[in-house]
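Working notes, structure below.
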Amino acid sequence: MPNVERLVSQTGFSKDKIYQLFHSLIEHKNAVITTVKRGKDQLDAYDFSPMYQKIMNLVSHQDTLPDDQTDTTVKQVATVNYDRSNLFTDVEREFGRTLSPIEMETISGWLDIDHYSVEVIMLALKEAVLNQVYNLKYMDRIMLNWDKLNLKSVTQIQNYLNNRESGSSQTGHNDQNYAGPEIPFIDLNK
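Residues 1 to 190 (full-length UniProt numbering) are what the sequence shown spells out, left to right.
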């Protein structure tokens, strides 16, 4: 295992950032932790051969693509990784603190297990910040509520938020479609 203090001094990253990077590499199956024998000692080490294999596959796959698609594929891969790393940075910036490893794992779970897009998580972050609630449980409840309302795309969520802000009902129905009993309106200000 590399010396974290040495990596901090060499890269300028914080310890949390370095742990986040290693966690991300393992989580995306770009690295594995193996045991290496050195004489009589057994040491844990990072093995990056899965990442090298993925890079080789990507490079060989690009050779078979037409030139106009090669650039698009590279941009898509770069954008996904860039968006993901920016997500952690954006959450930290909005919360005003660094994320704990458990919080980083929660966000990774949203992406990898729940399959929320980065954009949907950013909308939930925006809602949490606007309501001045700076925790991931609140963001999780926001996204679960959107799931219950069957709002899956960014466009659907934004339309819902716009309708809610303009005073429309959550389901998008207006008074003309209301099939319940007539409720009298009484102006209490008179």
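Beta carbons are placed, not taken as given, at the ideal position from N, Cα and C, and that holds for glycine.
Task: Nearest-angstrom beta carbon gap, F95 and Q20 [assumed within contact, 8 Å] - done: So it is not a contact: roughly 15 Å between Cβ atoms.
TODO: May I have the straight-line CA-CA distance separating H115 from D44, to the nearest angstrom?
DONE: 32 Å
Open item on the list: Measuring alpha carbon to alpha carbon, tell me which residue in N57, A124, Y160 and I102 is nearest D90.
Closed with: A124
Task: Candidates D41, S9, M51 and T35: closest to F22 by CA position - done: M51
Task: Unbroken alpha helix (DSSP H) run spanning A128, endpoints - done: V118 to L130
Task: Distance between E103 and S49 (C-alpha atoms, nearest Å) - done: 28 Å
TODO: Measure the beta-carbon distance from I18 to V32 and round it to whole angstroms, keeping in mind my assumption that it falls under 8 Å.
DONE: Not quite, the Cβ-Cβ distance comes to about 18 Å (not below 8 Å), so this is no contact.
- [ ] For V4, name the three-state secondary structure that DSSP assigns.
- [x] helix
Task: Straight-line Cα distance separating K29 from K40 - done: 29 Å
Task: K148, DSSP secondary structure in three states - done: helix
Open item on the list: Judging by CA-CA distance, which residue of S117, I26, S166 and L99 is the nearest neighbour of N135?
Closed with: L99
TODO: Starting from the Cα of V120, find the closest Cα among T106, N86, W146 and E105 and give me that residue.
DONE: W146
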